[in-house]
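K.L.:
The following block contains the structure, expressed as structure tokens.
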Amino acid sequence: MPAKERRAIFISYRRSDSAPWTGRLAADLRRYFGKDRVYLDIDSNLPARDYVVELEQALLASRVVIAVLGPQWLGSPNDRGQRRLDDPGDLVRVELETALRNGKALIPVLVGGAVMPPGHEVPPSIETLSHLQAVRLADPDWPYDFGRLLETLERHAVLPASEADTAPPSESTILTTRRYERRLQATRRRAFDALTGAVELLRYPIVEVRPEAAMVAFDARRGGAVFAEVVDADPGHSTVVLKLPSVKTGTVAGASAALAIFTNGFSLAALPALLAWQRRFAVGFFDNVEGVLEGRGVGEDSSLLPGVHAWRNRRREV
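Printed below as a string of structure tokens:
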């Protein structure tokens with residue numbers, strides 16, 4: 001693979017340990033992100049002497065490294081009966097060392113009932129792996145668990161090609177608050193009850209509730225903290241207002257780091273996708289508030305990308 005070619009995801013795995021699960025995972029990721037944006041070493045047709053070089057190029061050109069850990073990942077032996085991980089030339093160890101050394105986002109994925117290895121049982125060069133938050137993929141709950149993995153990838157700005165390939169803005173930016181609102185046919189009290197009801201039904205973590213101000217703050221997962229309040233409008237009507245952390249064109253440098261802090265990991269490179277998400281989230285959230293107000297309950301969780309929602313809401317096989 002040419003060094004200049006970029007892929008979103010590099011999958012590190014041990015064939016003897018997790019090949020069936022890894023194959024399924026790669027197929028699902030490619031279906032969601034696109035075939036060319038997911039690297040699996042089976043893609044390689046190079047001679048053995050060039051194999052390691054290609055792996056390193058592919059890893060360095062990726063945004064995220066997924067480490068698939070199966071039940072035999074830690075103790076898998078080589079032909080001499082020695083643990084593979086203890087060999088400095090072990091490809092899986094080299095991949096993880098390269099990822100950590102180059103500051104790549106590393107996501108452990110547990111399959112086949114595997115558990116995270118204790119730090120003292122892995123080589124010191126990859127001990128950091130043991131302290132990372134893992135995502136578990138269980139066969140009975142695969143669609144739901146895969147949705148959780150997609151959410152984790154979103155936080156590292158790994159998005160479907162239609163959103164990820166948007167060019168970054170050329171001007172510097174600074175933090176601001178983006179405001180969205182919708183007028184409802186309800187008193188302020190009824191509208192606030194519907195607002196808090198929608199937040200609870202959608203299972204958003206609540207940060208703060210102030211009934212006297214008809215305000216609730218909650219975590220919308222992808223976009224960071226959201227502030228919602230109800231203000232009076234005409235008699236018998238109210239306005240629901242959403243305030244989300246965002247950015248505006250300005251002259252202050254360093255906003256990329258600030259934006260990442262306040263929006264769960266988004267950088268300026270993903271700014272167009274963030275703004276598109278905020279618009280979509282606001283419309284969907286207002287629809288859900290109206291649904292609760294009218295007794296219909298909530299529909300889709302607009303904080304998730306459409307693909308994440310589809311994976312999450314598939315019926316689990318019994």
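Counting along the sequence shown from 1, when you hit position 222 you're at 222 in the working numbering, and nothing is skipped either side.
The beta carbon of each residue, even a glycine, is placed where N, CA and C say it ideally should be.
Because the structure is a prediction, the values reported are computed rather than measured.
Assess, as a yes-or-no matter, whether the region 139-150 is touched by the region 117-129 under the definition of 3 or more beta carbon pairs within less than 8 Å.
P.N.:
With a cut-off of 8 Å, the region 139-150 and the region 117-129 do not count as touching, because too few Cβ pairs lie within range.
K.L.:
Do the CB positions of residue 232 and residue 188 come within less than 8 Å of each other?
P.N.:
Their beta carbons are under 8 Å apart, which means residue 232 touches residue 188 by this criterion.
K.L.:
Going by the DSSP bridge assignment, what does residue 137 pair with across the sheet?
P.N.:
Paired residues: 111.
K.L.:
Pair every Cβ in the region 67-78 with every Cβ in the region 7-20, then say whether three or more of these pairs are closer than 8 Å.
P.N.:
A contact exists between the region 67-78 and the region 7-20.
K.L.:
Residues in its own chain within less than 7 Å of residue 138 by CB, not counting five upstream and five downstream?
P.N.:
Counting only Cβ-Cβ distances below 7 Å, and skipping sequence neighbours, we find 145.
K.L.:
Count the CB pairs spanning the region 27-34 and the region 98-117 that are closer than 8 Å, and state whether there are at least three.
P.N.:
With the cut-off at 8 Å, the region 27-34 and the region 98-117 do not touch.
K.L.:
Quick one: grab the DSSP three-state call for residue 124.
P.N.:
Correct three-state label for residue 124: helix.
K.L.:
So residue 193 is in the alpha helix (DSSP H); what residue range does that whole segment cover?
P.N.:
Start and end: 188-201.
K.L.:
Name the two residues that bound the continuous beta strand (DSSP E) containing residue 226.
P.N.:
It spans 225-232 - the beta strand (DSSP E) in which residue 226 sits, taken as one unbroken run.
K.L.:
Counting along the chain, where does the alpha helix (DSSP H) carrying residue 41 start and finish?
P.N.:
No alpha helix (DSSP H) holds residue 41; DSSP gives it neither H nor E.
K.L.:
On the DSSP bridge list, what partners appear for residue 180?
P.N.:
Note: residue 180 sits in a beta bridge opposite 242.
K.L.:
Give the straight-line distance between the Cα atoms of residue 179 and residue 225, rounded to the nearest whole angstrom.
P.N.:
Cα to Cα, the separation comes out at about 13 Å.
K.L.:
List the DSSP bridge partners of residue 67.
P.N.:
According to DSSP, which records beta bridges pairwise, residue 67 is partnered with 12 and 108.
K.L.:
Within 10 Å of its beta-carbon, does residue 131 have 16 or more other beta-carbons around it, so buried, or fewer, so exposed?
P.N.:
Under this definition residue 131 is an exposed residue.
K.L.:
Judging by CA-CA distance, which residue of 79, 156, 136 and 63 is the nearest neighbour of residue 148?
P.N.:
Among 79, 156, 136 and 63, the Cα nearest to that of residue 148 is on 136.
K.L.:
Is it true that the CB of residue 59 sits closer than 8 Å to the CB of residue 8?
P.N.:
Not in contact: residue 8 and residue 59 (Cβ atoms no closer than 8 Å).
K.L.:
What is the rounded straight-line gap between the Cα of residue 153 and the Cα of residue 39?
P.N.:
Going by the C-alpha atoms only, they are around 15 Å apart.
K.L.:
When the Cα of residue 213 is compared with those of 192, 294 and 88, which residue comes out closest?
P.N.:
Comparing Cα-Cα distances from residue 213 to each of 192, 294 and 88, the minimum goes to 192.
K.L.:
Taking only three categories from DSSP, how would you classify residue 208?
P.N.:
Strand.
K.L.:
Looking at the strands, I want to know which residues DSSP matches up with residue 218.
P.N.:
In the DSSP output, where bridge partners are listed per residue, residue 218 has 206 and 226.
K.L.:
So residue 200 and residue 241 are supposed to be a Cβ contact under 8 Å. How far apart are they, rounded?
P.N.:
At roughly 19 Å, the Cβ-Cβ gap does not stay under 8 Å, so residue 200 and residue 241 are not in contact.
K.L.:
Just the Cα atoms here: how many angstroms apart are residue 92 and residue 19?
P.N.:
Roughly 13 Å between the two C-alpha positions.
K.L.:
Straight-line CA distance for residue 87 to residue 79?
P.N.:
Straight-line Cα distance between these residues: approximately 12 Å.
K.L.:
Can you say whether residue 245 is buried or exposed, counting buried as having 16 or more other CB atoms within 10 angstroms of its CB?
P.N.:
Buried: at least 16 other Cβ atoms inside 10 Å.
K.L.:
CA-CA distance, residue 96 and residue 276?
P.N.:
Spanning the two alpha carbons is a distance of roughly 34 Å.
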